[in-house]
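Going line by line, the protein sequences match chains A and B.
Yeah, the first sequence ends on 808 if you go by my numbering, and it's all consecutive.
Yeah, the second sequence ends on 263 if you go by my numbering, and it's all consecutive.
Note that beta-carbon positions come from the ideal geometry of N, C-alpha and C, so glycine has one too.
All figures in this text were calculated on a predicted structure; none of them were measured in a lab.
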Amino acid sequence: MEKTVNQRAWFLVIPVLILVAFSSIIPMMTVVNYSFQDTFGGNDFFWVGLEWYRELLHSERLWDAFGRQLLFSSIILSIEVPLGILVALSMPKKGISASICLVLMSLPLLIPYNVVGTIWQVFGRADIGLLGRTLSDLGISYNYSQNAFDAWATVIAMDVWHWTSLVALLCYAGLRSIPNAYYQAAMIDQASRWSVFRFIELPKMRGVLMIAILLRFMDSFMIYTEPFVLTGGGPGNTTTFLSIDLVKMALGQFDLGPAAAFSLMYFLVILLISYVFYTVMITAEKDEVQS
Amino acid sequence: MSAAKKNASANKPKVRLSIVVMTIYLLFLLVPIYWLVIMSFKSNSEILGMFTLFPTDFTLKNYQTILSDPSWYMGYVNSFIYVSLNTVISLSVALPAAYAFSRYRFFGDNHLFFWLLTNRMAPPAVFALPFFQLYSSVSLFDTHIAVALAHCLFNVPLAVWILEGFMRGVPREIDETAFIDGYGFTRFFTRIFVPMIAPGIGVTAFFCFMFSWVELLLSRTLTSVEAKPITAIMTRTVSASGLDWGVLAAAGVLTIIPGAIVIYFVRNHIAKGFALGRV
């Protein structure tokens, strides 16, 4: 649809601008401000320039957290995207069973993040949890609060449990938009199941898949509540992701300067990667409109 | 014909495979929830002492504890207040903006649209400290409106994006006809346009409600007593006593219920909502 040029449309956008400016730009400016200053307590601030940035870029703690975060995001993307596609392909196409699947699959998406943590906490504990108890009865030693590998496995299982449905639902929406004629044509050509997937379904899902990857990347990169409730970042620092580390620094130790510099770099990294995804997404959208 | 038959017979094992996949996946989703739900009906001695797949000593005592103790049930009330406030604020500012984005080109529209999205990308952890200071300095700390405004950070962009997605589906001839018929913008918008996209508004409201309801970090940072949400009360209980698993499970079940009730009505739009209106 062609849009008309109308500069007065700005008036319709102004309320949003004011509100978002209040809740985003002002706080962001405070962060920028802190990141260049230091304080001896009270309200005595002095200029330190890029000192905090320099310090953080050489801080092992930050790089470790960043590494863990990247590892976490790539693991969950590489599990959730294929699994989500598989589930979307297996979902019933219509009728009451499709509705039931949709409702049940959406359930984890609507649970408060800390309750997700709680669910897995009570599910995984060796003394009271179904999973933990079953595993220990099978003779597998499992303790997510002591063993780093178990903690990681649990956090990843929790995230897969929580968000795979999102990928699946988006792919399902994409699949349903494929006209039946495409499948009929494929049937006439006696195309194999794989080539139907490869040449019909996958290209049609490209747009929604990009959105799914963008959202899953963004949200997994700023994950806080679920691992915080489940493991508290432990054992040791093994599940301390960037957000958990940042909150520790900002609200726990009240290190304003480093925390602010940390915040800005963190935000910029997300912004940069997301911008790449977004550009790809928009280009894909345009291609689709043209074809 | 024979090709179709061959295909039908080839289809059989595939259908079964998809049923197997779905069954396993749904079991994987439901078993942890099942465990939470049955735990909420068990007494603490049963939770800690025995290992039972079904409560032998079925009790509603955990729910009773929550519903009779103000420090628990006020958490739900507080959450409901700020979540509703947030939904109203987000929708009322997002409606005109989404209309502008869906109908007009104006200076900087694409950049503005992306900038809105960046707020959805911003980690709440980045905003926790500045929000705390900002709302303290205007003495709004520990009020419902503070949390409601803070959640606008991600809910307003979300609402604009979803609504824009719905509005693009409305043919613009309707606007033009209405304007030719002599409707002013305000009257057209409230009398004709808003009723037309009512389902979209409902879905958007649901998503604003949901994302504000599930958020913990900002709502916990911005409240201490008066407006403390249920999610924060739950984490406090874990760290303080950490033992009353039954009550904790019951509190968790009660937070799932609002979503579980409305989910049926939005099931066909849920993908669109989670995809920020882009499906």
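Residue i classed as buried or exposed, judged by whether at least 16 other C-beta atoms fall within 10 angstroms
i, result
"residue 584 (chain A)", "exposed"
"residue 40 (chain B)", "exposed"
"residue 163 (chain B)", "exposed"
"residue 529 (chain A)", "buried"
"residue 72 (chain B)", "exposed"
"residue 175 (chain B)", "exposed"
"residue 765 (chain A)", "buried"
"residue 679 (chain A)", "buried"
"residue 523 (chain A)", "exposed"
"residue 241 (chain B)", "exposed"
"residue 546 (chain A)", "exposed"
"residue 586 (chain A)", "buried"
"residue 293 (chain B)", "Because chain B is modelled from -15 through 263, residue 293 (chain B) falls outside the range shown and cannot be assessed."
"residue 798 (chain A)", "buried"
"residue 597 (chain A)", "buried"
"residue 199 (chain B)", "buried"
"residue 46 (chain B)", "buried"
"residue 4 (chain B)", "exposed"
"residue 116 (chain B)", "buried"
"residue 743 (chain A)", "buried"
"residue 538 (chain A)", "exposed"
Which residues DSSP lists as bridging residue i, in chain order
i, result
"residue 562 (chain A)", "A:556"
Own chain residues within Cβ distance below 7 Å of residue i, not counting five before or after
i, result
"residue 655 (chain A)", "none"
"residue 211 (chain B)", "62, 66, 126, 127, 128 and 131"
"residue 138 (chain B)", "103, 104 and 195"
"residue 746 (chain A)", "631, 634, 635 and 638"
"residue 281 (chain B)", "Outside the modelled stretch of chain B, which goes from -15 to 263, sits residue 281 (chain B), for which no answer is possible."
"residue 136 (chain B)", "70, 73 and 74"
"residue 51 (chain B)", "57"
"residue 554 (chain A)", "562, 563, 564, 565 and 774"
"residue 582 (chain A)", "757, 758, 759 and 762"
"residue 86 (chain B)", "148, 151 and 152"
Residues of its chain near residue i, where Cβ-Cβ distance is below 6 Å and the 5 sequence neighbours each way are ignored
i, result
"residue 664 (chain A)", "none"
"residue 527 (chain A)", "none"
"residue 600 (chain A)", "681"
"residue 202 (chain B)", "108 and 134"
"residue 27 (chain B)", "41 and 43"
"residue 652 (chain A)", "659"
"residue 708 (chain A)", "none"
"residue 533 (chain A)", "none"
DSSP-derived helix/strand/coil call for residue i
i, result
"residue 178 (chain B)", "helix"
"residue 149 (chain B)", "helix"
"residue 251 (chain B)", "coil"
"residue 710 (chain A)", "helix"
"residue 89 (chain B)", "strand"
"residue 639 (chain A)", "helix"
"residue 521 (chain A)", "strand"
"residue 795 (chain A)", "helix"
"residue 34 (chain B)", "coil"
"residue 570 (chain A)", "helix"
"residue 233 (chain B)", "helix"
"residue 739 (chain A)", "coil"
"residue 751 (chain A)", "coil"
"residue 699 (chain A)", "helix"
"residue 163 (chain B)", "helix"
"residue 575 (chain A)", "coil"
"residue 612 (chain A)", "coil"
"residue 245 (chain B)", "helix"
"residue 27 (chain B)", "coil"
"residue 259 (chain B)", "coil"
"residue 205 (chain B)", "helix"
"residue 803 (chain A)", "helix"
"residue 729 (chain A)", "helix"
"residue 239 (chain B)", "helix"
"residue 782 (chain A)", "helix"
"residue 44 (chain B)", "coil"
Sequence-distant residues of its chain with Cβ nearer than 8 Å to residue i (five each side left out)
i, result
"residue 55 (chain B)", "217"
"residue 593 (chain A)", "673, 676, 677, 680, 733 and 737"
"residue 101 (chain B)", "141, 145 and 260"
"residue 550 (chain A)", "777"
"residue 780 (chain A)", "548, 552, 763 and 767"
Any non-hydrogen atom of the ligand PLP closer than 7 Å to residue i Cβ
i, result
"residue 168 (chain B)", "In the structure on display, the ligand PLP does not appear, and there are no ligands present to speak of."
Can you list, in chain order, the stretches of the alpha helix (DSSP H) that have 4 or more residues and sit fully within the stretch 48 to 113 of chain B? Runs found: 54 to 87 and 93 to 105.
Alpha helix (DSSP H) runs contained entirely in the stretch 643 to 703 of chain A, provided each spans 4 or more residues: As far as the stretch 643 to 703 of chain A is concerned, its whole alpha helix (DSSP H) runs of at least 4 residues are 647 to 654 and 665 to 693.
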